[in-house]
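The sequence shown begins at 1 in UniProt numbering and counts up by one.
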Amino acid sequence: MIQIDSTNAVTVGLDLYSVAPRHQDALVEAIVQQQIESWLSSNFLKSASVHKSLDGVRVFTYSQWMPKFDYRNLSRPTIFTEFFPPDSHLLEVFASRSLSQEVSIVAGDRITHLAEFRMISANQQEMVKRASAELDRAMNNSPGLISATFHRSLDGTRVFNYGQWESQEAFEAILKQPGFNPDEPYWAGIARNEFHLYQVVHAYEK
Numbered sequence: 001m002i003q004i005d006s007t008n009a010v011t012v013g014l015d016l017y018s019v020a021p022r023h024q025d026a027l028v029e030a031i032v033q034q035q036i037e038s039w040l041s042s043n044f045l046k047s048a049s050v051h052k053s054l055d056g057v058r059v060f061t062y063s064q065w066m067p068k069f070d071y072r073n074l075s076r077p078t079i080f081t082e083f084f085p086p087d088s089h090l091l092e093v094f095a096s097r098s099l100s101q102e103v104s105i106v107a108g109d110r111i112t113h114l115a116e117f118r119m120i121s122a123n124q125q126e127m128v129k130r131a132s133a134e135l136d137r138a139m140n141n142s143p144g145l146i147s148a149t150f151h152r153s154l155d156g157t158r159v160f161n162y163g164q165w166e167s168q169e170a171f172e173a174i175l176k177q178p179g180f181n182p183d184e185p186y187w188a189g190i191a192r193n194e195f196h197l198y199q200v201v202h203a204y205e206k
């Protein structure tokens with residue numbers, strides 16, 4: 001079981017892959033057997049997990065590294081020439097809430113919601129402010145929401161929400177709430193949002 005470090009004692013790495021549904025399982029296998037295997041030999045790695053989207057079109061890895069270490073400088077296995085390269089980011093946590101004391105990543109049936117907010121760097125601080133303000137309301141008014149952890153990219157162009165839910169139905173209910181529905185989102189005017197629902201299929205901790 002992996003614990004997400006919300007104190008920023010580690011650096012978070014996020015590799016976000018786009019894939020055709022028929023190739024999703026092959027990409028997951030390549031990540032596990034090639035990329036994760038090579039990462040595990042690094043003294044800088046703390047943990048890594050692999051997630052695949054329920055709609056079949058995305059895979060992402062969430063990894064934690066020694067502070068200030070840029071994992072993107074590590075070699076990439078040649079098998080990945082068969083897939084589109086990932087959109088890779090270094091992140092830090094700026095807000096996190098959970099029903100329990102820790103935010104854990106565990107392989108299994110729990111639903112993970114990864115929301116990606118894209119923006120110009122001048123808008124990132126405002127996005128951080130708005131997301132932080134909405135976090136308590138989401139946790140207090142969303143039955144089935146286990147945790148929500150917001151990250152900002154160090155290059156200033158992204159904010160990511162790593163949310164955990166008891167079920168897909170619980171997640172869909174929040175989309176009807178003011179501020180979270182597509183018609184009146186709290187990020188309006190400063191960011192574009194895309195999200196997918198995932199399951200954790202592999203988790204490794206050193």
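Yeah, the Cβ is synthetic: ideal placement off N, Cα and C, and Gly gets one too. The structure displayed is predicted, hence computed values, not measured ones.
Using DSSP with H/G/I as helix, E/B as strand and the rest coil, what is residue i?
| i | result |
| --- | --- |
| Phe-195 | strand |
| Tyr-186 | coil |
| Ser-142 | coil |
| Leu-27 | helix |
| Ala-20 | coil |
| residue 207 | Residue numbering for the chain in the displayed model covers 1 to 206; residue 207 lies beyond these limits and cannot be assessed. |
| Ile-4 | coil |
| Asp-155 | coil |
| Leu-74 | coil |
| Ser-38 | helix |
Report the residue from the options whose alpha carbon sits nearest the alpha carbon of residue i.
| i | options | result |
| --- | --- | --- |
| Thr-78 | Asp-155, Val-200, Gln-35 | Gln-35 |
| Thr-7 | Tyr-17, Phe-80, Arg-97, Asp-55 | Arg-97 |
| residue 207 | Val-159, Leu-197, Gln-64, Ile-111 | With the chain covering 1 to 206 only, the question about residue 207 has no answer from this structure. |
| Lys-176 | Gly-156, Glu-205, Ser-142, Ser-153 | Ser-142 |
| Tyr-71 | Val-10, Asp-5, Tyr-186 | Val-10 |
| Ser-88 | Glu-184, Asn-73, Leu-45 | Asn-73 |
| Thr-61 | Met-127, Leu-54, Ser-47 | Ser-47 |
| Asn-140 | Leu-99, Arg-58, Met-66 | Leu-99 |
| Tyr-162 | Pro-67, Ser-42, Ala-26, Glu-194 | Glu-194 |
| Asp-136 | Thr-149, Phe-160, Asn-181 | Thr-149 |
| Ile-111 | Pro-182, Pro-178, Gly-144 | Gly-144 |
| residue 208 | Leu-27, Arg-22, Pro-21, Asp-5 | For residue 208 there is no data in the structure shown, the boundaries of the chain being 1 and 206. |
| Gln-164 | Ile-174, Pro-185, Phe-80 | Ile-174 |
| Ser-121 | Leu-154, Ala-203, Ala-138 | Leu-154 |
Run through the DSSP bridge pairs and tell me what residue i is partnered with.
| i | result |
| --- | --- |
| Leu-14 | Tyr-62, His-89 |
| Asn-161 | Ala-115, Phe-150 |
| Arg-97 | Ala-148 |
| Lys-52 | Val-59, Gln-199 |
| Ser-47 | Gln-64, Glu-205 |
Is any heavy atom in the ligand COA found nearer than 8 angstroms to the beta carbon of residue i?
| i | result |
| --- | --- |
| Ser-121 | The model on display carries no ligand, and the ligand COA is accordingly not part of it. |
Segment contact flag, the segment 167-186 with the segment 87-106, C-beta cutoff 8 angstroms, min 3 pairs: Not touching, per the Cβ criterion.
Complete beta strand (DSSP E) runs within the segment 102-133 (minimum length 3 residues, chain order): List check, beta strand (DSSP E) in window: 111-118.
Touch test, the segment 85-100 against the segment 125-138, Cβ-Cβ under 8 angstroms, three pairs minimum: Touching, per the Cβ criterion.
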